[in-house]
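Residue numbers (the working numbering): 306 to 543.
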Ligand SMILES: Cc1cc2nc3c(=O)[nH]c(=O)nc-3n(C[C@H](O)[C@H](O)[C@H](O)COP(=O)(O)OP(=O)(O)OC[C@H]3O[C@@H](n4cnc5c(N)ncnc54)[C@H](O)[C@@H]3O)c2cc1C
């Protein structure tokens, strides 16, 4: 297990990945390590001089030393959202981590795996999927991503490219409120495409990430399909 460290992370660069979603790349100490799926806690200053703590999943891969990426979904008037929106390259954020139990089990190269993420919940799953594919795991890996509209979609081109490159990786995108109803994407919530996307003889792990309403509903659906709870890991963002 990686040791928990506290450090000042320097913002190196940012990239807008969706309409209200920005990827931040921070430098970390070279000896900071984590497992794919884990998160850091950021100390965020408030206008009254106090601070609050907020959790952010790491979306980059553990192999990349000395830097991490986080994918931030800004919420209107959120304390951390307002602070992060104003950050510029060279600014620092106090971070502590890694934390979190949603980690790969180690059996993924022997069994199929399904990942289901909504909104910024795709962030840690992206790290886990890229980790498995870069290791050469050849069992089936399924990713189901859900967003509200076309403007909210993150990492779509990257997942499509991974699907082209790796025959064992399949990617399913669904939009709950598409702007263009004639577009080819699935319509509806991630819950609706589980029966189609999950292999019929599926025996491996499910990793779920997003708001608790989604993780609870998906867990209930999987339960009704006879999936043992020990095969479901999740991270809730609220
Ligand atoms: C383990 C864990 C990992 C997380 N990883 C990420 C991540 O990788 N990326 C990321 O963007 N967030 C992540 N979050 C959520 C993050 O920690 C904050 O809760 C989020 O950024 C909002 O913080 P804020 O200070 O901007 O908003 P607050 O000031 O806390 O809230 C402002 C208002 O926004 C509402 N609100 C808060 N969160 C949301 C939301 N997600 N959607 C809609 N309304 C909301 C609140 O109810 C409140 O009304 C994670 C949370 C957990 C627990």
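C-beta atoms are modelled at their ideal positions from N, C-alpha and C, and glycine is treated no differently.
Every value quoted in this text rests on a predicted model; they were computed, and no experiment measured them.
Unbroken beta strand (DSSP E) runs of no fewer than 3 residues, entirely contained in the stretch 380-459, are found at 397-404, 418-423, 446-452, following chain order. Around residue 412, the same chain offers 509, 510 as residues with beta carbons nearer than 8 Å, after the five sequence neighbours per side are excluded.
Straight-line measurement puts the Cα of residue 442 at about 31 Å from the Cα of residue 318.
Note on residue 414: under 16 other CB atoms within 10 angstroms of its CB, so exposed under the neighbour-count rule.
Under the three-state reduction of DSSP output, residue 328 falls in the strand class.
Taking the Cβ of residue 512 as the reference point, every heavy atom of ligand 1 lies at 7 Å or farther away.
Here the stretch 425-440 makes no contact with the stretch 391-401; the two share fewer than three CB pairs at distances below 8 Å.
Nearest in C-alpha terms to residue 307, of all of 327, 337, 463, 320, is 337. At a threshold of 7 Å, residue 433 does not count as near ligand 1, since its beta carbon sits no closer than that to any of the ligand's heavy atoms. Residue 521 has its Cβ no nearer than 7 Å to any heavy atom of ligand 1.
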